[in-house]
Amino acid sequence: MISVSEAQQLIIKHSSASKPTTIALKDALNYVLAEDITAPIPIPPFNQSAVDGYAFCFNTNNNSYTIVDKIPAGDTRKIDLNTNEAARIFTGSKVPENCDTVIMQEFTKVENNQLFIDDENLKTGGNIRTKGYQIKQGDMALSKGTVLNPAAIGFLATLGITEVNVFTLPKVSILITGNELVTPGEKLDEGQIYESNSLMLKAAFEKMNISPTISYLKDNQEATTNAITNALNNADMVILSGGISVGDYDFVQQGILENGVIQIFYKVAQKPGKPLFFGKKENKAVFGLPGNPAAALTCFYEYIYPYINLSFGLKQAFLNQLQLPLSKDIKQKPGRATFLKATTDFKTITPLEGQNSDALQSFAYANALLLTPADATIIKKGELVNVHLLP
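Just remember that the numbering used here sits 14 ahead of the position in the sequence shown, which is counted from 1.
What follows is the structure, encoded as structure tokens:
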């Protein structure tokens with residue numbers, strides 16, 4: 015059995031880089047850039063009016079200009095204004111090359127086509143977005159490893175980019191084991207429970223833009239081994255839920271090893287999630303998760319989530335971490351590090367009620383996991399503790 019930190023280091027050591035692929039920008043939400051992108055054009059590509067108003071060449075000795083033109087947004091004409099001339103202009107319009115200032119219409123008065131300015135604070139260059147002020151042509155637009163959120167996609171679109179090189183999303187196969195499990199909506203007999211891990215893990219993967227396939231297994235060695243074989247043939251990652259412990263009906267570990275998967279680690283000194291398995295077959299990863307839902311989800315966030323992020327080359331692969339003072343005392347048995355479901359207001363951290371490995375209600379309210387050291391017995395209110403922020 016290894017420690018949490020040892021398990022995390024092994025996740026880093028055995029991560030596999032995802033292959034890049036080119037996709038349309040419109041389909042790239044939540045993908046990760048596989049290369050740096052430089053700006054093919056400056057933004058804005060011309061001197062641009064930031065307001066509705068009037069463009070002119072600033073003269074401190076003059077507050078009256080003759081209006082000789084109107085420039086709507088999208089007007090591509092080359093316009094030259096003489097001294098003491100102005101043009102009506104609108105937000106986003108191209109400022110004439112020999113104009114250096116735009117006055118907001120609220121600070122003007124127009125009489126007989128003459129523009130009068132009343133703005134003591136106006137300076138040369140006012141209300142103009144100069145060419146390339148956001149980014150110059152050839153500058154770094156977005157770097158490799160950037161997650162393409164809506165703002166990033168919008169920014170690349172302003173540069174005229176239509177395709178991006180991103181990391182390929184892994185194909186994930188989830189195998190659910192357990193004779194006692196019944197699909198929600200079906201009749202529940204005595205001794206049976208509704209199966210929740212498939213939907214829970216599916217949702218966790220989908221939040222990472224990954225759509226897994228799901229299969230259900232009975233507690234049988236041959237069926238388990240064959241299902242793992244099939245999953246390894248069709249997926250980059252195989253996630254097994256349940257059956258990884260050492261009970262009479264736990265067949266997962268044997269099925270994994272019979273398929274030629276090399277064990278990287280098995281069992282972590284943590285609570286919940288002690289019987290966690292991680293192995294590799296060439297570049298394919300296999301995770302054996304505990305069957306208890308809260309334990310399985312904890313292992314997903316602490317090990318599977320960073321494994322995937324590492325494959326994308328993300329510098330921040332693990333959950334964001336910080337230290338916060340504890341809002342109340344914690345007592346625990348020493349021997350294993352403990353991940354406690356918790357809530358934080360970023361001033362303190364509060365462990366929730368319902369910390370059992372099967373308890374999901376508290377997890378539904380949690381926005382963080384609180385990690386306590388393996389050797390701790392009492393952690394006092396106000397002490398700083400390690401906090402892992404949930405995505």
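Backbone N, C-alpha and C fix where the C-beta goes; we use that ideal spot for every residue, glycine too.
Q) Of all the options Leu-354, Asp-89 and Gly-274, which has the alpha carbon lying nearest to the alpha carbon of Gly-287? A) Counting from one through the sequence shown, the residue named residue 287 turns up at place 273. Comparing Cα positions, the closest option is Leu-354.
Q: With a floor of 4 residues, list each alpha helix (DSSP H) that falls wholly inside the stretch 106-179, ordered by position along the chain.
A: DSSP runs (the alpha helix (DSSP H)) wholly in the stretch 106-179: 164-172.
Q. So, Lys-345 versus Ile-392, is the Cβ gap smaller than 8 Å?
A. Here residue 345 refers to the residue found at position 331 of the sequence shown. Here residue 392 refers to the residue found at position 378 of the sequence shown. For Lys-345 and Ile-392, yes; Cβs fall inside 8 Å.
Q | Residue from Met-118, Asp-94 and Ile-25 with nearest C-alpha to Ser-63 | A | Here residue 63 corresponds to residue number 49 of the sequence shown, with the count starting at 1. Here the closest residue by C-alpha is Met-118.
Q: Indicate whether Ala-356 and Ala-373 have their beta-carbon atoms separated by less than 8 Å.
A: By one-based count along the sequence shown, residue 356 stands at place 342. By one-based count along the sequence shown, residue 373 stands at place 359. Not closer than 8 Å, so no.
Q | Identity of the residues DSSP links to Thr-36 by a beta bridge | A | The sequence position of residue 36 within the sequence shown is 22, counting from 1. Under DSSP, Thr-36 shares a beta bridge with Asn-179.
Q: May I have the straight-line CA-CA distance separating Phe-301 from Leu-385, to the nearest angstrom?
A: By 1-based counting over the sequence shown, the position of residue 301 is 287. By 1-based counting over the sequence shown, the position of residue 385 is 371. If you take the alpha carbons of Phe-301 and Leu-385, they lie about 21 Å apart.
Q. What did DSSP end up calling Ala-339 once you bin it into helix, strand or coil?
A. Here residue 339 refers to the residue found at position 325 of the sequence shown. Residue identity check: residue 339 is Pro in the sequence provided, not Ala. Strand, per DSSP.
**Q.** Rounded Cβ spacing between Ser-187 and Ser-225 (contact assumed at less than 8 Å)
**A.** Here the question's residue 187 lines up with position 173 in the sequence shown. Here the question's residue 225 lines up with position 211 in the sequence shown. Contact doesn't hold; Cβ gap of about 11 Å is too wide.
Q. When you compare only the Cα positions, how much space is there between Lys-281 and Asn-400?
A. Here residue 281 refers to the residue found at position 267 when the sequence shown is read from its first residue. Here residue 400 refers to the residue found at position 386 when the sequence shown is read from its first residue. C-alpha separation (whole angstroms): 22 Å.
Q.
So, for Asp-233: in the same chain, excluding its five sequence neighbours on each side, which residues have a beta-carbon less than 7 Å away from its beta-carbon?
A. For the purposes of this step, residue 233 is taken as residue 219 along the sequence shown, with counting starting at 1. The residues are Thr-191, Gly-192, Asn-193, Gly-257, Tyr-263 and Phe-265.
Q.
Helix, strand or coil for Gln-268? Go by DSSP, reduced to three states.
A. For the purposes of this step, residue 268 is identified with residue 254 of the sequence shown, where counting begins at 1. Secondary structure of Gln-268 (DSSP, three-state): helix.
Q. With a CB to CB cut of under 7 Å and the five nearest residues on each side skipped, what residues in its chain are close to Glu-367?
A. The residue labelled residue 367 in the question sits at position 353 within the sequence shown. The beta carbon of Glu-367 lies closer than 7 Å to those of Ser-376 in the same chain, with the five residues before and after it left out.
Q. How many Å lie between Thr-138 and Asp-83 at the Cα?
A. Your numbering for residue 138 matches position 124 in the sequence shown. Your numbering for residue 83 matches position 69 in the sequence shown. Roughly 21 Å separates the two Cα atoms.
Q | First and last residue of the uninterrupted alpha helix (DSSP H) at Pro-289 | A | Numbered from 1 along the sequence shown, position 275 holds the residue referred to as residue 289. Here Pro-289 belongs to no alpha helix (DSSP H), and DSSP marks it neither H nor E.
**Q.** Burial state of Lys-361, where buried means 16 or more other Cβ atoms lie within 10 Å
**A.** One-based indexing of the sequence shown puts residue 361 at position 347. With a 10 Å radius around the Cβ and a threshold of 16 neighbouring Cβ atoms, Lys-361 comes out exposed.
Q. What distance in whole Å lies between the Cβ atoms of Val-178 and Leu-47, which are believed to be in contact at a cut-off of 8 Å?
A. Reading the sequence shown from its first residue, position 33 is the one you call residue 47. Reading the sequence shown from its first residue, position 164 is the one you call residue 178. That belief holds up - the Cβ atoms of Leu-47 and Val-178 are roughly 6 Å apart, short of 8 Å.
**Q.** Distance CB(Leu-170)-CB(Leu-156) smaller than 8 Å
**A.** Position 156 of the sequence shown, counted from the first residue, corresponds to residue 170. Position 142 of the sequence shown, counted from the first residue, corresponds to residue 156. Yes, the pair counts as a contact, with Cβ atoms nearer than the cut-off.
**Q.** Buried or exposed (CB count within 10 angstroms, at least 16 for buried), Gln-267
**A.** By 1-based counting over the sequence shown, the position of residue 267 is 253. By the Cβ neighbour-count rule, Gln-267 is buried, with 16 or more other Cβ atoms within 10 Å of its own.
(Q) Quick check: the Cα distance between Gly-305 and Pro-34, rounded to an integer number of angstroms? (A) To locate residue 305, count along the sequence shown from 1; it is residue 291. To locate residue 34, count along the sequence shown from 1; it is residue 20. Between the C-alpha atoms of Gly-305 and Pro-34 there is a straight-line separation of about 34 Å.
Q) What is the DSSP secondary structure of Phe-104, reduced to helix, strand or coil? A) Here residue 104 corresponds to residue number 90 of the sequence shown, with the count starting at 1. Note: Phe-104 maps to coil in three-state DSSP.
**Q.** Proximal residues to Asn-77 (C-beta, below 7 Å), its chain only, five neighbours per side dropped
**A.** Position 63 of the sequence shown, counted from the first residue, corresponds to residue 77. Cβ neighbours of Asn-77 within its own chain (closer than 7 Å, five residues either side excluded): Phe-130 and Ile-131.
Q) In terms of residues, what are the limits of the beta strand (DSSP E) holding Lys-298? A) For the purposes of this step, residue 298 is taken as the residue at position 284 of the sequence shown. For Lys-298, the uninterrupted beta strand (DSSP E) segment begins and ends at 298-303.
**Q.** Ranges of the alpha helix (DSSP H) found wholly within the stretch 325-382, counting only runs of at least 4
**A.** Segments of the alpha helix (DSSP H) lying fully in the stretch 325-382: 375-379.
Q: Please name the residue in Pro-320, Ile-37, Gln-151 and Pro-339 whose C-alpha comes closest to that of Leu-404.
A: Within the sequence shown, residue 404 is the residue found at index 390, counting from 1. In terms of CA proximity to Leu-404, Pro-320 leads the group Pro-320, Ile-37, Gln-151 and Pro-339.
**Q.** Backbone CA spacing between Val-161 and Glu-134 [nearest angstrom]
**A.** Working through the sequence shown from its first residue, we reach residue 161 at position 147. Working through the sequence shown from its first residue, we reach residue 134 at position 120. In this structure, the straight-line span from the alpha carbon of Val-161 to that of Glu-134 is close to 45 Å.
Q. So what does Phe-72 bridge to, in DSSP terms?
A. What you label residue 72 is simply residue 58 of the sequence shown in a count that begins at 1. Looking at the DSSP assignment, Phe-72 forms no beta bridge with any residue, so it has no partner.
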